[in-house]
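So my numbering is basically just the index in the sequence shown, starting at one, shifted up by 1160. Beta carbons: idealized from backbone N, C-alpha and C, even for Gly. Everything below concerns the one structure shown next.
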Amino acid sequence: MNGVLGGFATLVAVIAVGWITARARVLGHGAAGVLSRLSYFVATPALLLLTLADADPAVLLSTTLVATAGSAVLCALLYVVPARWRWKLRAGHLATGALASSYVNAGNLGVAIAVYVLGDASFVAPVLLFQVLVMAPIGLTVMAASRDSGDDAPSRTRLLTQPLRTPLVIGCALGLALAAADWTPPIPVLRPLELLADLAVPAALLAYGASLHGAPRPGSGNTAGQVWLAVVLKTVVQPALAYTLGRWVVHLDDTSLLAVTIASALPTAQNVFVYATSYDRATELARDAILLSTVLSVPVLAGVALALG
């Protein structure tokens, strides 16, 4: 329980600093957008490159992935189908909502909670790699293609080459290439990359905190239904699906079952806000879903840890 609260306290502290800087106008107007783009286009690709350079892609084939990936894909679909039917949302906005419903905060909060609750950070590796290698490229491709073409059908060439022009995908590809070659960059190359990578999470959290200043009450207004659909899917449905798949489909042991349920109960990642801001797609939805899922996931995570731990 202390691990859950400790991980959240760290996030809240940095987000609060972002809110304070926006309120004091330290960074000027538009700081949230600048920080988001800095994280998305510069720092996060460096972080992913270094992370995947040391990772074993074989973890994607572990049985735990059936539960974590399956629950994520199902929640994304459970958002897209009713959102398209009820609100007639277009592709870019559907992509943001789908990610808000299924893309967990595995990178920073997930690692912290895995260490505190499970005693091993490697438990979040499958979901982290699945999100980075599969979910993010698909979501970003849809966002970018819809932005480039005004939500009309993009050309086949632009659609097929969009991943090659996405910073996160480029960082992932370079990291996997380094892992496959079993090669470590020389120190003069590695140190600048490490400095840039260290900026990714703080910049994303500061950007998110700055965006909260002056924002309306979360989960209200015209997008309230979309926000609450994403939040319920993320905080309640996804961990329930992960538990169901883990226990009755792939028959995980108790420790692995706890790990996949905890991982799926994590709140929406700040990366979703960064992605939405970078492509100007449903940023309010992403912002509100992150805030509400972060608050509501605390009792869910604590309950899962107590029930299955």
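When C-alpha distances from residue 1380 are compared across 1182, 1444, 1437 and 1329, the shortest belongs to 1444. Beta-carbon to beta-carbon, residue 1178 and residue 1369 are separated by about 2 Å, close enough to satisfy the 8 Å threshold. Counting other Cβ atoms within 10 Å of its Cβ, residue 1230 reaches 16 or more and is therefore classed as buried. Nearest to residue 1252 by alpha-carbon distance, out of 1419, 1440, 1328 and 1455, is 1440. Leaving aside the five residues that flank residue 1407 on each side, the residues in its chain whose CB is nearer than 7 Å to its CB run, in chain order, 1417. Following the DSSP letters along the chain, one finds residue 1239 inside the alpha helix (DSSP H) bounded by residues 1224-1247. Checking the DSSP bridge columns, you'll see residue 1344 has no partner listed.
The beta-carbon separation of residue 1446 and residue 1260, rounded to 6 Å, stays under the 8 Å limit for a contact.
By the neighbour-count criterion, in which a residue is buried when 16 or more other Cβ atoms sit within 10 angstroms of its Cβ, residue 1352 is exposed. Under the three-state reduction of DSSP, residue 1437 is assigned to helix.
Shown here, residue 1170 sits in a helix according to DSSP, grouped into three states.
Our two residues, residue 1287 and residue 1228, have alpha carbons roughly 6 Å apart in a direct line. One alpha carbon belongs to residue 1457, the other to residue 1367, and they sit about 21 Å apart.
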